[in-house]
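Letter by letter, the sequence shown follows residues -21 to -1, 1 to 131 in mature numbering (1 follows the signal peptide of the UniProt record, and there is no 0).
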Amino acid sequence: MKISITTFATAFAALTASAQAAYCPPRPASPSEQRLIFAEFYQKLYTDMNATQALIDHMADDYIQHNPYALSGLNNSIEALSFVTPETVKFNITFSGIDGDLAFVYLRMDIAGEPRPRAVVDLFRFNGSCIQEHWDVMQERPDNATNPLDMW
């Protein structure tokens, strides 16, 4: 089978354009598209440690934040996560998943200078292609833990 250079270039340009398309404001997205979008988001945030780009690319301007120590809105979230750099934070993802419009990540978070790591659950609600809402829970293992099992 022979593929022309023009056909290949056109297909490559279409794939590249869709990969670089903004996810927000929200547009309709299938469950499989949401899985790919979520994987791209958590790669940028938790692996590449590029919180600003992850948020700009994937969160709605009017995104709703349920963390009591952070305000809603994209710009507030960018400011709240400005401390996330490879030198200050290490994430180790244990579980992640997406079902319908809800996605989650369960991870270990080590912060430079902090005596103990934290177990973190981040829960995100999608509005089509865009993350619209966020909840999180963080827990340190206490000195007097009753349960001997590891948190991760």
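For every residue, glycine included, the Cβ atom is placed at its ideal position computed from N, Cα and C. All of these numbers come straight from a predicted model, not from anything done at the bench.
Closest Cα partner of residue i within the set the options
{"i": "Ile43", "options": "Gln111, Ala82 and Pro7", "result": "Gln111"}
{"i": "Pro101", "options": "Thr64, Gly107, Glu58 and Phe20", "result": "Pro is not the amino acid found at residue 101; the sequence shown has Asp there. For the residues Thr64, Gly107, Glu58 and Phe20, the minimum Cα distance to Asp101 belongs to Phe20."}
{"i": "Ala49", "options": "Ala59, Asn29 and Asp40", "result": "Ala59"}
{"i": "Gly92", "options": "Asn106, Phe62, Leu128 and Met117", "result": "Phe62"}
{"i": "Thr67", "options": "Thr73, His45 and Met28", "result": "Met28"}
{"i": "Trp131", "options": "Phe103, Asn106 and Leu86", "result": "Leu86"}
{"i": "Glu12", "options": "Asn71, Leu24, Thr64 and Ile77", "result": "Ile77"}
{"i": "Ala18", "options": "Asn54, Phe83, Thr125 and Gly107", "result": "Phe83"}
{"i": "Cys3", "options": "Ser75, Asn106 and Asn123", "result": "Asn106"}
{"i": "Pro47", "options": "Asp129, Leu128, Glu119 and His113", "result": "His113"}
Per DSSP, the bridge partner or partners of residue i
{"i": "Cys109", "result": "Asn106"}
{"i": "Ala82", "result": "Ile77 and Phe103"}
{"i": "Ala98", "result": "Arg87 and Gln118"}
{"i": "Pro71", "result": "A quick correction: the sequence has Asn, not Pro, at residue 71. Its beta-bridge partners are Arg87."}
Alpha carbon of residue i to alpha carbon of residue j, nearest angstrom
{"i": "Ala39", "j": "Leu81", "result": "15 Å"}
{"i": "Pro121", "j": "Ile90", "result": "16 Å"}
{"i": "Met117", "j": "Lys69", "result": "15 Å"}
{"i": "Ser51", "j": "Arg97", "result": "23 Å"}
{"i": "Thr31", "j": "Asn55", "result": "11 Å"}
{"i": "Ala124", "j": "Arg95", "result": "13 Å"}
Whole-Å CB distance - residue i paired with residue j, under 8 Å assumed
{"i": "Ile72", "j": "Tyr25", "result": "6 Å"}
{"i": "Ala33", "j": "Lys23", "result": "4 Å"}
(request) Run through the segment 27 to 54 for me and flag every whole alpha helix (DSSP H) of 4 or more residues, listed as ranges in chain order. (result) Within the segment 27 to 54, the complete alpha helix (DSSP H) runs of at least 4 residues are 30 to 37.
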